[in-house]
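K.L.:
Counting in the numbering used here, the sequence shown runs from 2 upward without gaps. Where is the CB? At the ideal position from N, CA and C, for every residue including glycine. Below: one structure in structure tokens.
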Amino acid sequence: MLDADLTLLLDTLREAGALALSMQKAGFQHRKKKDGTFVTDVDEAVDKLLLQRIAKARPEDGWLSEESPDTPARLPKSRLWIADPIDGTRGFLEANAPWCIGMALALDGEVVLSATYEPADDIMCHAVRGGGSFVNGTRLFTTNMQNVIAPRRFGDDLRAKGFTPEADSPIPLLLRMASIARGHHGGAISIGNKYDWDIAGGHLILTEAGGVISDLTGKGLIYNRPEPWQRGLIAAANPAIHAALVELMRTA
2 MLDADLTLLL DTLREAGALA LSMQKAGFQH RKKKDGTFVT DVDEAVDKLL
52 LQRIAKARPE DGWLSEESPD TPARLPKSRL WIADPIDGTR GFLEANAPWC
102 IGMALALDGE VVLSATYEPA DDIMCHAVRG GGSFVNGTRL FTTNMQNVIA
152 PRRFGDDLRA KGFTPEADSP IPLLLRMASI ARGHHGGAIS IGNKYDWDIA
202 GGHLILTEAG GVISDLTGKG LIYNRPEPWQ RGLIAAANPA IHAALVELMR
252 TA
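Next comes the structure, spelled out in structure tokens:
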């Protein structure tokens, strides 16, 4: 069934991407949410489209999205779709930084499909559990890059371990994982609670390319818990980099 799920996922993201681009060109409204982050009419329209397509095709599945109200109805579901309608809303607003639409399917708490789509550049990354990671059909493998996206406060610690820190990156979280999978970065550290929709769409893209992902303590990520967030994120191109970043977080 994952083949059919993958087709559904990729077709839905492409349709959502076309909608986002058309609305970006036509003009849209935006506002600040209670948490201080921005949301646009486009976020909400894309969220509605994603939910409609998944609900029609997979009515028994659960749903979790940044722009949809979360309810306990998802918790008993074996299959959960996790979506970020626009990751990188500030970049979308300013039209000068990367943004994407991300979505994943989790089965019994583990991601089995992941995809990120960058409509502006028509870049689709996707992965299937046990089937590899791809960008526009080309297989992805991580490399041993030593540049790590992380908060500025970790710069000295990263340099002491031989890494090149990158602070204030405009790359949104989902695309940081895709960038590591594509061999452009060696790792990323993101502190504070990270919602599942900030991570799931990039999770398998990274791990199927050879990378490692965990919370800040090194523990693996489990989805569809009552609290829809993870305790920070460490993403790395390989186990050695991951171990070094976990140790850095332990001692920093």
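So for F39, helix, strand or coil by DSSP?
P.N.:
Numbered from its first residue, the sequence shown carries residue 39 at position 38. It is a strand residue.
K.L.:
Determine the contact status of G92 and P171, defining contact as a CB-CB distance below 8 Å.
P.N.:
On the sequence shown, position 91 is the one that residue 92 refers to. On the sequence shown, position 170 is the one that residue 171 refers to. Cβ atoms of G92 and P171: closer than 8 Å.
K.L.:
Measuring alpha carbon to alpha carbon, tell me which residue in A27, A58 and L175 is nearest L7.
P.N.:
In the sequence shown, the residue the question calls residue 7 occupies position 6. Considering only alpha carbons, the answer is A58.
K.L.:
When DSSP labels each residue in this structure, what does H185 get in the three-state scheme?
P.N.:
Numbered from its first residue, the sequence shown carries residue 185 at position 184. DSSP places H185 in coil when its eight states are reduced to three.
K.L.:
Could you tell me the alpha carbon to alpha carbon distance between T117 and R226, rounded to whole angstroms?
P.N.:
Working through the sequence shown from its first residue, we reach residue 117 at position 116. Working through the sequence shown from its first residue, we reach residue 226 at position 225. Approximately 23 Å between the Cα atoms of the pair.
K.L.:
What are the residues that DSSP puts in a beta bridge with I190?
P.N.:
Indexing the sequence shown from 1 puts residue 190 at position 189. Answer is I235.
K.L.:
Could you name the residues of the same chain whose beta carbon sits closer than 8 Å to that of D71, not counting the 5 residues immediately before and after it, in chain order?
P.N.:
Position 70 of the sequence shown, counting from 1, holds the residue named residue 71. The beta carbon of D71 sits closer than 8 Å to the beta carbons of L65 and P229 from its chain, once the five residues preceding and following it are set aside; these are given in chain order.
K.L.:
Between I181, R140, S134 and E111, which lies nearest to A238 when the distance is taken from Cα to Cα?
P.N.:
In the sequence shown, counting from the first residue as 1, residue 238 sits at position 237. Closest by alpha carbon: I181.
K.L.:
Counting pairs of beta carbons, one from the segment 128–145 and one from the segment 197–205, are three or more of them closer than 8 Å?
P.N.:
yes
K.L.:
For T165, does the count of other Cβ atoms within 10 angstroms reach 16, so buried, or fall short, so exposed?
P.N.:
Residue numbering aside, residue 165 sits at position 164 when the sequence shown is read from its first letter. Classification of T165: exposed, given that the 10 Å Cβ count is below 16.
K.L.:
Restricting to runs no shorter than 3 residues, where is the beta strand (DSSP E) found entirely within the segment 62–128?
P.N.:
63–66, 80–88, 101–108 and 111–119
K.L.:
Taking Cβ positions, are H243 and S215 nearer each other than 8 Å?
P.N.:
As a first step, residue 243 must be located in the sequence shown, where it is residue number 242. As a first step, residue 215 must be located in the sequence shown, where it is residue number 214. Yes; because the gap between Cβ atoms is below 8 Å, this pair is in contact.
K.L.:
Taking the straight line between their C-alpha atoms, what separation do you get for Q30 and A5?
P.N.:
By 1-based counting over the sequence shown, the position of residue 30 is 29. By 1-based counting over the sequence shown, the position of residue 5 is 4. Spanning the two alpha carbons is a distance of roughly 35 Å.
K.L.:
Assign G138 to buried or exposed, taking buried as 16 or more other Cβ atoms, counted over all protein chains shown, within 10 Å of its Cβ.
P.N.:
Taking the first residue of the sequence shown as position 1, residue 138 is located at position 137. Per the 10 Å Cβ criterion, exposed.
K.L.:
Does DSSP put R140 in a helix, a strand or coil?
P.N.:
On the sequence shown, residue 140 is found 139 positions in, with the first residue counted as 1. Looking at R140 - three-state DSSP - the assignment turns out to be strand.
K.L.:
Assign P227 to one of three DSSP states: helix, strand, or coil.
P.N.:
To locate residue 227, count along the sequence shown from 1; it is residue 226. Correct three-state label for P227: coil.
K.L.:
What are the partner residues of F135, as DSSP defines its beta bridges?
P.N.:
The residue you call residue 135 lines up with position 134 of the sequence shown. F135 is bridged by DSSP to H127 and R140.
K.L.:
Here's the rule I'm using: 16 or more other beta-carbon atoms within 10 Å means buried, otherwise exposed. How should E61 be labelled?
P.N.:
What you label residue 61 is simply residue 60 of the sequence shown in a count that begins at 1. Result: exposed.
K.L.:
Quick check on the DSSP output: the alpha helix (DSSP H) that includes K26 runs from which residue to which?
P.N.:
Here residue 26 refers to the residue found at position 25 when the sequence shown is read from its first residue. DSSP places K26 inside the alpha helix (DSSP H), whose first and last residues are L3 to A27.
K.L.:
Does the contact criterion of 3 or more C-beta pairs under 8 Å hold for the segment 44–54 versus the segment 67–86?
P.N.:
Enough Cβ pairs lie closer than 8 Å, so yes.
K.L.:
Taking the alpha carbon of K35 as the reference point, which residue from D12, A56 and E68 has its own alpha carbon closest?
P.N.:
Translated into positions along the sequence shown, residue 35 becomes position 34. Ranking D12, A56 and E68 by CA distance to the CA of K35 puts E68 first.
K.L.:
For A17 and V47, which I take to be in contact (beta-carbon distance under 8 Å), what is that distance rounded to the nearest angstrom?
P.N.:
Locating residue 17 in the sequence shown gives position 16, counting from the first residue. Locating residue 47 in the sequence shown gives position 46, counting from the first residue. The Cβ separation is near 5 Å, so the contact holds.
K.L.:
Go ahead and pull the three-state DSSP assignment for I242.
P.N.:
Taking the sequence shown and counting its residues from 1, one reaches residue 242 at position 241. In this structure, I242 counts as helix in the three-state DSSP scheme.
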